[in-house]
Amino acid sequence: MIVSFLFTMPEKYPKERIKVPRFNEEAGFYTTPERSKIMGKIRGKNTKPELAFRKALWAAGYRYRINYKKLIGKPDIVLNRYKTIIFIDGEFWHGYNWQERKDKIKTNREFWIPKIERNIQRDKEVNAALENLGYTIFRFWETDIKKNLDTCLQKVITSLRKDH
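The numbering of the sequence shown is the numbering used here, which starts it at 352 and goes up by one.
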């Protein structure tokens, strides 16, 4: 049995935590109603790449939990029996090719750059905490799942077979 306090973020961080400003008009950030409507439609769970990966994993005979709240970071897919975790990260939110893409953000840079950099930092913290608990972690970009689902699935299955 694992005690729940193991799943909290570490109190001491190896580097300074990135502060993200509040996104509101008082802080100087503005958005149009149209942009607000678009942002409101962005999903955090059950995205098409997640559903495709889960369906393929299920078809391969593996059973799992989704958005598992008992673990830090609420992993997208958890195979408890194999101590394996799978995250399927969106390119924008998790900073795919960040150093190149950072300069392309034109509006509300004071909010978005710290926001995404904090997400990247948090992903590293979550990975470290889960590895300390003995989990094998896979992180796939949504694009990788869309373009190379079989390759991503095979990486996971190979690891599962190797470990058990």
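Each residue gets a CB set at the ideal place from its N, CA and C atoms; glycine is no exception.
Roughly how many angstroms separate the alpha carbons of Asn483 and Thr502, rounded to a whole number? 27 Å
Original post:
Is the Cβ-Cβ distance between Asn478 and Ile488 less than 8 Å?
Top reply: yes
Does the separation of the CB atoms of Lys453 and Ile464 fall below 8 Å?
yes
Practice item. Leaving out five residues on either side along the sequence, give the residues of the same chain with a beta carbon under 6 Å from the beta carbon of Tyr486. Key: Lys434 and Ile436
Exercise for the section: Go through its chain and collect everything with a Cβ distance to Ile456's Cβ below 6 Å, but skip five positions before and after it. Expected result: Trp463
Margin query: Helix, strand or coil, according to DSSP, for Asp501 in the structure here?
Written below: helix
Which term fits Leu430, buried or exposed, when burial requires 16 or more other beta carbons within 10 angstroms of its beta carbon?
-> buried
Which residue wins for smallest C-alpha separation from Thr509, given the options Lys370, Glu367 and Leu408? Leu408
Check your understanding: Looking at the structure shown, is Leu430 part of a helix, part of a strand, or coil, going by DSSP?
Key -> strand
Residues near Leu511 by beta carbon distance below 8 Å, same chain, minus five either side: Tyr413, Leu430, Tyr433 and Thr435
key: alpha helix (DSSP H) segment containing Arg490, residue limits   = That residue, Arg490, is in no alpha helix (DSSP H); its beta strand (DSSP E) goes Thr487 to Trp492.
Can you give me the C-alpha to C-alpha distance between Tyr447 and Lys497, rounded to a whole angstrom? 15 Å
*On a CA-only basis, which of Thr494, Lys506, Trp449 and Glu451 is nearest Lys399? Give me that one, please.*
Thr494
Hey, is Lys457's beta-carbon within less than 8 Å of any beta-carbon in chain B?
-> In the structure shown, chain B does not exist; there is a single protein chain.
Take Ile471 as the anchor and find which of Leu481, Glu442 and Asn459 has the nearest alpha-carbon. Glu442
With DSSP run on the structure shown, which of helix, strand or coil describes Ile369? coil
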